[in-house]
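Asks: I am attaching a structure below and will ask some questions about it afterwards.
2 protein chains.
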Amino acid sequence: MKEREREEVPVMIKERLVVIGGDAAGMSAASKVRRERPEMEIVVFERSPHTSYSACGLTYYLGKVVDDPDKLVSRSPEVFREKYGIDARTCHEVLEIDKDGSRVRVRDLRDDREFWESYDHLLIATGALPVCPDLPGGDSAGIYGLSTLESGLVLRRAVDERKPKRAVVVGGGYIGLEAAEALLMRGVEVSLVQRDPQVMTSLDPDMGALISEAMREEGVTLYLGEKLEAFESSEGWVDAVVTDRRTLPADLVVLGMGVRPNSDLAAEAGIELGARKAIRTDRRLRTIVDNIWAAGDCAETWNLVSQRPFYVALGTVANKEGAIAGTNIAGGNDAFPGVVGTAITKVCETEVARTGLKERELKELGIDYVTATIRSRTRAGYYPGAARMTVKLLAEKGSGKVLGGQIVGGAGAAKRIDTLATVLHAGMDVEQMIHLDLSYAPPFSPVWDPVQIAARKLVKKV
Amino acid sequence: MKEREREEVPVMIKERLVVIGGDAAGMSAASKVRRERPEMEIVVFERSPHTSYSACGLTYYLGKVVDDPDKLVSRSPEVFREKYGIDARTCHEVLEIDKDGSRVRVRDLRDDREFWESYDHLLIATGALPVCPDLPGGDSAGIYGLSTLESGLVLRRAVDERKPKRAVVVGGGYIGLEAAEALLMRGVEVSLVQRDPQVMTSLDPDMGALISEAMREEGVTLYLGEKLEAFESSEGWVDAVVTDRRTLPADLVVLGMGVRPNSDLAAEAGIELGARKAIRTDRRLRTIVDNIWAAGDCAETWNLVSQRPFYVALGTVANKEGAIAGTNIAGGNDAFPGVVGTAITKVCETEVARTGLKERELKELGIDYVTATIRSRTRAGYYPGAARMTVKLLAEKGSGKVLGGQIVGGAGAAKRIDTLATVLHAGMDVEQMIHLDLSYAPPFSPVWDPVQIAARKLVKKV
Chain A
0 MKEREREEVP VMIKERLVVI GGDAAGMSAA SKVRRERPEM EIVVFERSPH
50 TSYSACGLTY YLGKVVDDPD KLVSRSPEVF REKYGIDART CHEVLEIDKD
100 GSRVRVRDLR DDREFWESYD HLLIATGALP VCPDLPGGDS AGIYGLSTLE
150 SGLVLRRAVD ERKPKRAVVV GGGYIGLEAA EALLMRGVEV SLVQRDPQVM
200 TSLDPDMGAL ISEAMREEGV TLYLGEKLEA FESSEGWVDA VVTDRRTLPA
250 DLVVLGMGVR PNSDLAAEAG IELGARKAIR TDRRLRTIVD NIWAAGDCAE
300 TWNLVSQRPF YVALGTVANK EGAIAGTNIA GGNDAFPGVV GTAITKVCET
350 EVARTGLKER ELKELGIDYV TATIRSRTRA GYYPGAARMT VKLLAEKGSG
400 KVLGGQIVGG AGAAKRIDTL ATVLHAGMDV EQMIHLDLSY APPFSPVWDP
450 VQIAARKLVK KV
Chain B
0 MKEREREEVP VMIKERLVVI GGDAAGMSAA SKVRRERPEM EIVVFERSPH
50 TSYSACGLTY YLGKVVDDPD KLVSRSPEVF REKYGIDART CHEVLEIDKD
100 GSRVRVRDLR DDREFWESYD HLLIATGALP VCPDLPGGDS AGIYGLSTLE
150 SGLVLRRAVD ERKPKRAVVV GGGYIGLEAA EALLMRGVEV SLVQRDPQVM
200 TSLDPDMGAL ISEAMREEGV TLYLGEKLEA FESSEGWVDA VVTDRRTLPA
250 DLVVLGMGVR PNSDLAAEAG IELGARKAIR TDRRLRTIVD NIWAAGDCAE
300 TWNLVSQRPF YVALGTVANK EGAIAGTNIA GGNDAFPGVV GTAITKVCET
350 EVARTGLKER ELKELGIDYV TATIRSRTRA GYYPGAARMT VKLLAEKGSG
400 KVLGGQIVGG AGAAKRIDTL ATVLHAGMDV EQMIHLDLSY APPFSPVWDP
450 VQIAARKLVK KV
């Protein structure tokens, strides 16, 4: 409506987009809108001092794989302002969305001044927040999360300056694994506490067991199936982690207990939430409110394999959604079809990847499925550097439609998950997978690529 | 007919399969038939002393990357005989197919004895032959092809014993590139002569130029756009290669001028040939003769992108076709849909891969197409070991349907061709490629995988 009215007096008032959150989704959207609509005013409020940084790179900065934190920043606020004409205001926190008044209440964190900013379009790109348990001793110093660039700088400084001997990582997901690797590289003794019986519960337990084994071989002491209960400290600094089974001495603690969508602001404004309390949007990334959009880690997405709403916090998805929200805010028409649930990481020499649905999800959905797991090599057996790799493939019983895949192995193993992700997007069955014309030469693969070896085993069970 | 008759007296006469050629296609088929039909008699005639070896591994044996040639053999004739009950007779050459009499004439190369062997089913899996130009001096010693395991052993021995200083490789395709790499690794000065203006004509000239550049950087002297005219020798051993532009001194010559299907035996028997004189088959791998089948490098296949008959000599295809021919010979029903034209190789640090159709093929087919080429990195820019990679993507103008892709880059670049190959199998368009949920973490990829960066550029041109 508003747009229409303004179109009648086009030269008078500039349209204004306000973006809450200046990382992947927010800045992708802002950049897209700038390209499509050079005349639109774009204001981005970012709580931290940084924009467009690689949250996924933080553990590598911790491990000194990357030494200059500036390298993690793809574009600074100054670049956005000067080169792109995007008014990127860091250290500005949005406190409230007034959707009826089409304005947001903002606090400038540098001087605590508050003001209202009006918008024609609002994009919520507030990202995710690390899950922080409210446990005794949880406010001790020396306990770190790893989510924003700031948190990464603080943790790295603590390791640089205090040179901890023993660290405890709580949580065996992506952040937990990568933090454990980083701390090992820094010469720290690492213990890892995980509530589940295996690390990496985004994979099935049998595949998780391979990762647990690899971590033990790298020197991480695992305490699996143990529940975090408290932290102990001396002089305000953490010195132990207490589980339901033991007390683990610790000079430093890293929490990697997962994330939740940062959707409180939206919820308080009466914007509908969906899966795991992420902001619900349509495929064009619009919320239930006409001129309010949401993208990235704060928003719900769609799982193309389960055909259900889905929540995932990943930079790739945030970038894609940001670009699509930007296109639509600029007046275009683009839709995000959804994801298949692809993720990849490594811990020391072991690569890990997954896509699609795992056994527990299939059971919950009541889908009758079959699985096959094979061990092969990343290269021809006789070629130097041929590393072990295990592939697990899941397919629907009867139809043979591929439903998911998981890979654990040495260098070169995990990126093969992209073939499986593409298979899922295409809705292929196991038979079609066997016929795929994948590349082979001795330095790259056995004659049958391991993902196809898995398919050849699985086809017999369908 | 014959089968029917025998079925009426099932215990009396064993059905017999004769296979001509004991490498990928032939032995895959024989193994498959053995599993499905334990009672069938299986005789394989192989001209060389070896079965089931990796022809693709020969250049790595030459380069001493692999030191034990036995490692290139996946199953010896003895294993086939003793463990699988397959009568694998090496050093046996089939000289004639008598299709009306359902028998083949065979020569035992060890004693030159000839005999006839009858069959119920015949599989022709005679592979490919290297193209050998009939040029002055071509019969000199010191000129080598690289196709069979024997030829690999002979060439390696020549390099080991004669320690050549200067070698000339003729041909800039897969074998030429890999042979050049191997000879460099052996400390030999390498020149490469190629008729075309770039190496690797299975890629477009602009991508081939990147490979030429990389080879020069590795120390190979390239003579592009030059035609081989003759060889010079002294005392019977080659000492120079003559092109239309110069005379190149050479202590050793490797020919990598491509291969042609070894289809003469079939042609002489009146079996129809197709693309590039490869044996024509239906998708079940049957020739025009009811009980004669053909698979692997001697047979024609189908290109799923061009929807035209196609010839390619690759171990992957041979293995797949062999397995399918085996299934059908055993009484099953399986069909080979075809290939999309995927291939991969490396020369020193540079990886090369291609799939689908290249520009010249698209022009010949009269398809209106667009292309985009991008430069990116194999990993996040800030992550150590992020190597350069160039991706070229081709799509149909208008529909945006992806038609082909080419990759040249450092470690980790080329295997991404599998994503593009799967895209081609699925018939996806560029837009769908952009939405693919591919894996990202800093050690594995930029946030947008390079193949998607290419798609994002290409989509604007569609």
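Note that the protein sequences, when read in sequence, are chains A and B.
Each residue of the first sequence is one higher than the last, beginning at 0 in numbering that gives the first Met the number 0.
Each residue of the second sequence is one higher than the last, beginning at 0 in numbering that gives the first Met the number 0.
We put the beta carbon where it would ideally sit given N, CA and C, even for glycine.
For a contact meaning CB atoms closer than 9 Å, what does F443 (chain A) contact in chain B?
Replies: I343, T344, K345, E350, A352, A413, K414
Asks: With H, G and I counted as helix, E and B as strand and the rest as coil, what does DSSP make of M0 (chain A)?
Replies: Caution is warranted here: a pLDDT of 42 is assigned to M0 (chain A), below 50, making its placement in the model unreliable, and no coordinate value can be reported.
Asks: Would you grab the beta carbon distance between M432 (chain A) and V446 (chain A) for me? Rounded to a whole angstrom, and I think it's under 8 Å.
Replies: Contact doesn't hold; Cβ gap of about 16 Å is too wide.
Asks: What residue range is occupied by the uninterrupted beta strand (DSSP E) comprising A87 (chain A)?
Replies: 86-88 is the span of the beta strand (DSSP E), which, as asked, contains A87 (chain A).
Asks: So that I know if they touch, is there some Cβ in chain A lying closer than 8 Å to that of V17 (chain B)?
Replies: no
Asks: Note down, in chain order, every chain A residue with its Cβ under 8 Å from the Cβ of K70 (chain B).
Replies: Under the 8 Å cutoff, chain A gives G380, Y381.
Asks: Determine whether the Cβ of I452 (chain A) lies closer than 8 Å to any Cβ atom of chain B.
Replies: Not a single C-beta of chain B is nearer than 8 Å to the C-beta of I452 (chain A).
Asks: P336 (chain B) CB to nearest chain A CB: under 8 Å?
Replies: The beta-carbon of P336 (chain B) is placed less than 8 Å from the nearest beta-carbon of chain A.
Asks: Measure the CB-CB distance between K98 (chain A) and I278 (chain A) and report whether it falls below 8 Å.
Replies: no
Asks: Drop a sphere of 10 angstroms on the beta-carbon of S30 (chain A), count the other beta-carbons inside from all chains shown, and report buried for 16 or more, exposed for fewer.
Replies: buried
Asks: Taking 8 Å as the threshold (beta carbon to beta carbon), is S53 (chain B) in contact with chain A?
Replies: yes
Asks: Would you please verify whether the beta carbon of H424 (chain A) is less than 8 Å from any beta carbon of chain B?
Replies: yes
Asks: Taking the alpha-carbon positions, what's the E77 (chain A) to R109 (chain A) distance?
Replies: So the two alpha carbons sit approximately 17 Å from each other.
Asks: In chain order, what residues of the region 311-324 of chain B put their CB closer than 8 Å to some CB of chain A?
Replies: When CB distances to chain A are screened at a threshold of 8 Å, the residues of the region 311-324 of chain B falling below it are L313, G314, T315, V316, N318, K319, in chain order.
Asks: Within the 8 Å Cβ cut-off, does A420 (chain A) reach chain B?
Replies: Chain B contact via Cβ: present.
Asks: Using a Cβ-Cβ cutoff of 7 Å, what residues of the region 56-80 of chain B are near chain A? List them in chain order.
Replies: G56, Y59, V64, V65, K70, L71
Asks: With 8 Å as the threshold, decide whether the Cβ of K456 (chain A) is near any Cβ in chain B.
Replies: no
Asks: Cβ closer than 8 Å: which chain A residues qualify as neighbours of S305 (chain B)?
Replies: Those within 8 Å of S305 (chain B) in chain A number zero; the least Cβ separation is about 13 Å.
Asks: When we look at the beta-carbon of P135 (chain A) and count the other beta-carbons within 10 Å, is it buried (16 or more) or exposed?
Replies: exposed
Asks: Just list the beta strand (DSSP E) runs in the region 219-256 of chain A, keeping only unbroken ones of 3 residues or longer that don't cross its boundaries, in chain order.
Replies: 220-223, 227-233, 236-242, 246-248, 251-254
Asks: In whole angstroms, what is the alpha-carbon distance linking G404 (chain A) and V351 (chain A)?
Replies: 11 Å
Asks: Does any residue of chain A have a CB that is nearer than 8 Å to the CB of K1 (chain B)?
Replies: A caution first: K1 (chain B) carries a pLDDT of 46, below 50, which makes its placement in the model too unreliable to give a value.
Asks: What is the residue span of the beta strand (DSSP E) that L402 (chain B) lies within?
Replies: Run containing L402 (chain B): 401-408, per the beta strand (DSSP E) assignment.
Asks: On the CB-based measure, 16 or more other CB atoms within 10 Å of its CB, does V130 (chain B) come out buried or exposed?
Replies: By the C-beta density criterion, V130 (chain B) is exposed, having fewer than 16 other C-beta atoms within 10 angstroms.
Asks: Taking DSSP as the reference, what is the three-state secondary structure of S463 (chain A)?
Replies: As displayed, chain A neither begins before 0 nor continues past 461, which places residue 463 (chain A) out of reach and without an answer.
Asks: In whole angstroms, what is the alpha-carbon distance linking A526 (chain A) and D119 (chain A)?
Replies: Residue 526 (chain A) lies beyond the residue range present for chain A, which begins at 0 and ends at 461; the question has no answer from this structure.
Asks: Answer with yes or no whether the minimum CB distance from A124 (chain A) to chain B is below 8 Å.
Replies: no
Asks: Let me make sure I understand the geometry here. Which of B:M388, B:G384, B:D367 has the alpha-carbon closest to that of I373 (chain B)?
Replies: Nearest option by C-alpha distance: B:M388.
Asks: Around the Cβ of R46 (chain A), are there at least 16 other Cβ atoms within 10 angstroms (buried) or fewer (exposed)?
Replies: buried
Asks: Excluding the five sequence neighbours on either side, which residues of its own chain have a C-beta within less than 7 Å of the C-beta of R80 (chain B), listed in chain order?
Replies: Answer for R80 (chain B): D86, A87, listed in chain order.
Asks: So what's F44 (chain A) in DSSP terms, helix, strand or just coil?
Replies: strand
Asks: Measuring CA to CA, which of A:L437, A:E348, A:G186 is closest to V338 (chain B)?
Replies: A:L437
Asks: Check whether the Cβ of H49 (chain A) lies closer than 8 Å to any Cβ atom in chain B.
Replies: no
Asks: When DSSP labels each residue in this structure, what does R104 (chain A) get in the three-state scheme?
Replies: strand
Asks: Are A293 (chain A) and T286 (chain A) touching if we call contact CB-CB under 8 Å?
Replies: Contact: yes.
Asks: Please list the partners that S375 (chain A) has in chain B, where partner means a Cβ-to-Cβ separation under 8 Å.
Replies: Within chain B, no residue comes near S375 (chain A); the closest Cβ sits about 14 Å away, beyond 8 Å.
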